[in-house]
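*Asks:* Numbering of the sequence shown is given in the UniProt record's numbering, commencing with residue 1 and proceeding in unit increments. Even glycine gets a Cβ: it sits at the ideal position worked out from N, Cα and C.
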Amino acid sequence: MSRRVFGVLLLAPALLLAGCGSSAPPEVTFTVGGQAKTTGPTQYCDLQLTNCKDDSGAEVRLPVPAGTAVQVAVPAGISETPWHVVFSYRGPDGKQVDGRSPVFAPKAQKDYTLELPDQGDQLLTAQVQQFGPAPVTDPETGEVEFPVRGSWVLIAAGG
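1. Per DSSP, which one or two residues make a beta bridge with Ser23?
2. Over the uninterrupted beta strand (DSSP E) stretch that includes Ala108, give me the two end residues.
3. For Glu143, which residues in the same chain have their Cβ closer than 8 Å to its Cβ, ignoring the five residues on either side in sequence?
4. Grouping DSSP H, G and I as helix and E and B as strand, with all else coil, what is Gly57?
5. Please report the residue range of the alpha helix (DSSP H) in which Ala76 lies.
6. Ignore the nearest five residues each way along the sequence and tell me which others in Trp83's own chain have a CB closer than 7 Å to its CB.
7. So who's on the other strand from Glu140, going by DSSP bridges?
8. State the CB to CB distance for the pair Gly40 and Asp55, rounded to an integer number of angstroms; the pair is presumed to be in contact (CB under 8 Å).
9. Pop quiz: Val85 and Ala126 are said to be a contact at Cβ under 8 Å. What is the actual Cβ separation, rounded to whole angstroms?
10. Are the beta-carbon atoms belonging to Lys107 and Ser79 less than 8 Å from one another?
11. Can you tell me which of Pro139, Leu123, Pro135 puts its alpha carbon nearest to the alpha carbon of Ile155?
12. Answer with buried or exposed for Gly21, where buried requires no fewer than 16 other C-beta atoms within 10 angstroms of its C-beta.
13. For Thr50, name the three-state secondary structure that DSSP assigns.
14. Going by DSSP, name the residue or residues bridged to Gly99.
15. To the nearest angstrom, how far is the alpha carbon of Gln119 from that of Val28?
16. Among residues of its own chain, excluding the 5 on either side of Asp121, which ones have a beta-carbon nearer than 6 Å to its beta-carbon?
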């Protein structure tokens, strides 16, 4: 076997592994009171939103005592695109409230601290959403729709 062929054979597995690593969806880390959990997406699509994969088992659970902030950290694979955090919580009156962070511009930030308005508020869920292609207008309603490419979910347990 020539040195050239041997060198190509040694290089081929490395290239194959490098290619596999680059196609893996990014992971998000949720941290509460020093306890961190990293997870893959519950839904993740290609750039055209034509090939999507769901994994409901990717949800993470962490105890989140009322009034406790949640730190969210995203890798470059998410922060280089528009993204935001949507969340639901139960207020002191027992009613569920839905909210969202601002939409972060590409490369603007890699983390976000989710703080609820009142110390008695109990977080229920938090979800990082990575936006996909450019927004489109629904011809029937006239509303602008922002296609979501991927979602990473935290289910909060009362503390």
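*Replies:* On the basis of the supplied data:
1. According to DSSP, Ser23 bridges with nothing at all.
2. Unbroken run through Ala108: none, as it is neither H nor E.
3. Excluding positions up to five away in sequence, the list reads Thr137.
4. helix
5. 76-79
6. The answer, listed in chain order, is Val74, Phe104, Val128, Gln129, Gln130, Phe131.
7. The partner list for Glu140 (beta bridge, DSSP) is empty, contrary to what the question assumes.
8. Contact flag correct, Cβ pair sits at about 7 Å.
9. 6 Å
10. For Lys107 and Ser79, yes; Cβs fall inside 8 Å.
11. Leu123
12. Residue placement at Gly21 is flagged as unreliable, the pLDDT there being 41, under the threshold of 50; the coordinate-derived value follows with that caveat. So Gly21 ends up on the exposed side.
13. coil
14. Phe87
15. 25 Å
16. Result list for Asp121: Tyr89, Gly91, in chain order.
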